[in-house]
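Those sequence lines, one after another, are chains A and B. Using my numbering, you'd call the opening residue of the first sequence number 1 and step up by one each time. Using my numbering, you'd call the opening residue of the second sequence number 1001 and step up by one each time. Ideal Cβ positions, reconstructed from N, Cα and C, are used throughout, including at glycine. All values reported here derive from a predicted model rather than from experimental measurement.
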Amino acid sequence: MKHLTFAAGVLCATGALAQTPELTVYTYDSFVTEWGPGPQIETAFEATCGCDLKFVTAGDGAALMARIRLEGERTEADVVLGLDTNLTAAARATGLFAPSGVEAEYDLPVDWADDTFVPYDWGYFAFVHKTDLKAVPQDFLELGRSDLKIIIQDPRSSTPGLGLLLWVKAAYGDQAAQVWADLSDNIVTVSKGWSEAYGLFLEGEADMVLSYTTSPAYHIIAESDLTKEAAAFDEGHYMQIEVAARLAASDQPELAQRFLQFITTDAFQSVIPTTNWMYPAVTPEAGLPEGFNDLVEPYKSLLIPEAEAETARDAALVEWLSALSR
Amino acid sequence: MAVRAEPVALWPGLVAAVLVAATMLAALTAVALRAETQLGLAPQDWSAIRFTVVQAALSALFSVALAIPVARALARRSFAGRGVLITLLGAPFILPVIVAVLGLLAVFGRGGWLNAALGVFGLPPLGIYGLHGVVLAHVFFNLPLATRLILQGWQEIPAERFRLAAQLAASSRDVHRLLERPMLLRTAPGVLALVFAICLTSFAVALTLGGGPKATTIELAIYQAFRFDFDLGRATLLSLVQIALTLGAATLALGVSGQAGFGAGLGRVVQRWDAQGAVRKALDAALILLAALFLLTPLAAITASGLQGLAHLPSSVSKACFVSAVVACLSTLVLLALALPIAFAAAKVPLVEHVGLLGLAVSPLVLGAGLFLVINPIASPAGLALPVTALVNALMALPFALRILIPKAREEVRLHARLAATLNMGAGQFFRLILLPRLRPQIGFAAGLAAALSMGDLGVIALFADPETATLPLQIYRLMAAYRMEAAAGAALLLLVMSVGAFWLCDKGGRLAAP
């Protein structure tokens, strides 16, 4: 009986609407956990908006996009937060999103002039290794020649995996297939998602794992563990920029717009580094937290423009599949 | 003349079966209707289908081939801790995939215990990644289930038969020929089909242990079609391929295993006069030990890393435990409400069991998306997270429950239905007085499996979850995604304990109450 009461309670709690306007933000799962940015951002925004900010979650960025597409114009979302530069083209093509109306000075390594998608954080993909690793490779070619073992993620099911695919493509163009052929004997395995890969790396299953340049910051800040670092590659590093956008069908367009503007303020941006473990899109006034300043800084930022990303992606996937299926 | 009562009622089972099939059909249709592209498979899908069939067939063969001697050893021996061992051996089956993979690789991986031990003796390390790794992992998951199901077959041979065999001075070989082989021919095909079906929808295990995109399964292709290309037509087609393969395997198994059973016994304790002798005893002991070692060392690895993590558990984990327990209870109730009537109907109409297999055959991703599409226009999916999860978990556990219940149900109906008919017993009475008490151990086992499975299953909750109703497996994934691997390991240990505990409670409960 207790279970039924509990179930009923859960059902009613989500159904009961307060008088205050409600802003529904769809985001990925890890954003709203108690150790993620969600709770602090909810408190900060609700303090100023006189509204109720409600997060609804779906897996990761790609799952979020799939969900928005499944729901189409019937979606309850006012804002979607958690798409990235690999998904913006598809998102734009759905015609479900409205111009943001946000004005801001971003601290991104690239120029950002997009009227729909508002960047909220960013990072570089990188191979993370333990500091006692000898002869850390300086680029993909050196990695391919070495005996080092790496774990990567599948581009078909994982965001970093797709990032690596585009990274190699952006750096090597037509020679990408050869680079993958050289890398194939270094790859211990390909995992479904980031968590499996990173977990296996921590268990000592490989010398390096595909992750972010900001990953060591977690170990430094949260665990006082200085034994992880990211390798800086000479080709430059591919970027992931995470964005938010408001939906055209939203019944709270003004609130949604306010939220998007709020994203660019200190109250939002100062939460990001030590909860989402990414660089904030607008550096907070107090600067970056200790630990972020020691991270490797790539010489060059790589990013395939949105318009070319989809064709590059499909071609790169075919190359990747055939190089690693041998 | 009075109307004769019919002891076995077909209609509740048929209604339940139709409900199950309708749910699946509605989900698939909803996804197919949303397809924006033409239905069609990509060329690489064919290699995914080939790989899937090969790995699933090998996994099923190895699981069952290894389960037969282990079950035989367990059936012939009784020793202190046998019950606990059998329960523990079932644990791999109910672990969340990500946890099991980490546990397996802690033992068999490049830096695992096995290679460390080999290194001590100066032997070269063994590579786990490849088709053999996929099969190894699937055997790890499914050997326990296969063993339990086959062991059940052994236990269903009446003790009187072994007594008679002993009186006739039958050797171990004779017992095998006369009693055990016919029993195996009846049970093994069904178990083969079941393990094959489970392995058909494998994805993360196959990819990680397979070492790369060579090990692309149909489920991964569905995942890609859904998330990467948003090609719902292809996702539906691939899902249909999975269904066709599962049902094909099941039909084959059903055709092979048509033999009659052993008849009634008084249900006394089996004593095995044919299995005496030091060599046989040593052989059985070695087999049990090997199986235990293979299945329990990865669990030991999970426990070892989990114990360190227990101290780091965030408070949200206890809430997730509660949600998971509620989901498990609900799922088990739904499962029993579906499985019992279907099992009794299947005693008369064997084809009904196929409907249950749909729960395994339909890709969780497609099922989740389909239910989402069906519910979304009517109600908020997040609001229905709990009941939908309970339903889907019950559907996924249904094939297992049916495999456990049907052989015994069929036997009971065959043995007692005519007597019941002469006593003018109605279906309700027959159910209450004969089926329920005599099937208690099977019901307990099925309920335990359902409870444990739904405790550990992520199911469709990911699509429906709102931040408030995270289950324990979801919480483990969230902890891992936030770099908190230690806390995740702690939570995984908690999940392991809860799952095995729930299983043990139901299973033990069923056997205690057995007449």
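- If you draw a 10 Å sphere on the C-beta of Arg1227 (chain B), you find 16 or more other C-beta atoms in it, and that means buried.
- Not one beta carbon of chain A lies nearer than 8 angstroms to the beta carbon of Ile1218 (chain B).
- Separation of Leu1136 (chain B) and Leu1143 (chain B) (C-alpha to C-alpha, rounded to the nearest whole angstrom) is 10 angstroms.
- Contact annotation: Ala1030 (chain B) and Ile1218 (chain B) have beta-carbon atoms that are not nearer than 8 angstroms.
- Around the beta carbon of Thr43 (chain A), fewer than 16 other beta carbons sit within 10 angstroms, so the residue counts as exposed.
- Cβ-Cβ separation between Leu1398 (chain B) and Gly1356 (chain B): approximately 4 angstroms, consistent with a contact (criterion under 8 angstroms).
- Restricted to the segment 1105-1144 of chain B, the alpha helix (DSSP H) segments that are unbroken, complete and at least 4 residues in length are 1113-1120, listed in chain order.
- Within 7 angstroms of the CB of Asn1376 (chain B), the CB atoms of chain A belong to Glu71, Arg74, in sequence order along the chain.
- Inter-residue distance for Phe55 (chain A) and Ala1481 (chain B) is about 18 angstroms (C-alpha atoms, whole angstroms).
- Bridge pairing for Arg1181 (chain B): absent [DSSP].
- DSSP, read as helix, strand or coil, puts Ile1150 (chain B) in helix.
- By the CB criterion at 8 angstroms, Ala1339 (chain B) and Leu1402 (chain B) fall inside the cutoff.
- When the five nearest sequence neighbours on each side are left out, the beta carbons in the same chain lying within less than 8 angstroms of the beta carbon of Val1374 (chain B) are those of Ala1026, Ala1027, Ala1030, in order along the chain.
- Using a Cβ distance threshold of 8 angstroms, Tyr28 (chain A) and Asp60 (chain A) count as a contacting pair.
- The straight-line gap separating the alpha-carbon atoms of Thr1216 (chain B) and Gly50 (chain A) is approximately 50 angstroms.
- Annotation: the continuous beta strand (DSSP E) that includes Trp122 (chain A) extends over 118-130.
- In this structure the segment 1075-1094 of chain B does not touch the segment 1482-1491 of chain B; the number of beta carbon pairs closer than 8 angstroms is below three.
- Cα atoms of Ala1427 (chain B) and Leu162 (chain A): separation of roughly 59 angstroms, rounded to the nearest angstrom.
- Per DSSP, reduced to three states, the secondary structure at Gln153 (chain A) is strand.
- Take the alpha-carbon of Trp112 (chain A) and the one of Ala286 (chain A): they are about 23 angstroms apart.
- The beta carbon of Lys169 (chain A) does not come within 8 angstroms of any beta carbon belonging to chain B, so the residue lies off that interface.
- Against chain B, the CB of Ile187 (chain A) has a partner CB under 8 angstroms away; the residue lies at that interface.
- Cβ neighbours of Gly1103 (chain B) within its own chain (closer than 6 angstroms, five residues either side excluded): Pro1298, Ala1301, Ile1302.
- Taking CB atoms only, Gly1356 (chain B) has no neighbour in chain A less than 8 angstroms away.
- Nearest C-alpha to Pro1092 (chain B) among B:Leu1495, B:Ile1406, B:Arg1173: B:Leu1495.
- With respect to Thr159 (chain A), Asp84 (chain A) sits close: the two C-beta atoms are nearer than 8 angstroms.
- Across the set B:Leu1185, B:Ile1094, B:Ala1291, the C-alpha of B:Ile1094 shows the shortest separation from the C-alpha of Phe1400 (chain B).
- Per the Cβ contact rule, the segment 1405-1416 of chain B is not in contact with the segment 1046-1063 of chain B (fewer than 3 Cβ pairs under 8 angstroms).
- Judged by DSSP secondary structure, Met278 (chain A) falls outside any beta strand (DSSP E); it is assigned neither H nor E.
- About 14 angstroms separates the beta carbon of Ser195 (chain A) from that of Val128 (chain A), a gap too long to meet the 8 angstroms contact definition.
- The shortest CA-to-CA distance from Val243 (chain A) to any of A:Ser100, A:Leu23, A:Thr75, A:Ala47 is the one to A:Ser100.
- With contacts defined as CB atoms closer than 8 angstroms, Val188 (chain A) and Lys149 (chain A) qualify as a contacting pair.
- Within the segment 1090-1113 of chain B, Ile1098, Val1101, Leu1102, Leu1105, Ala1106, Gly1109, Arg1110, Gly1111 place their CB atoms closer than 7 angstroms to a CB of chain A, listed in sequence order.
- Apart from sequence neighbours up to five positions away, the residues of its chain that approach Val1070 (chain B) with a beta-carbon distance below 6 angstroms are Thr1147, Leu1287, Ala1291, ordered along the chain.
- Pairwise C-beta distances place the segment 232-243 of chain A in contact with the segment 283-299 of chain A, as three or more of them are shorter than 8 angstroms.
- Residues of the segment 1157-1189 of chain B that bring their beta carbon within less than 7 angstroms of a beta carbon in chain A are absent altogether.
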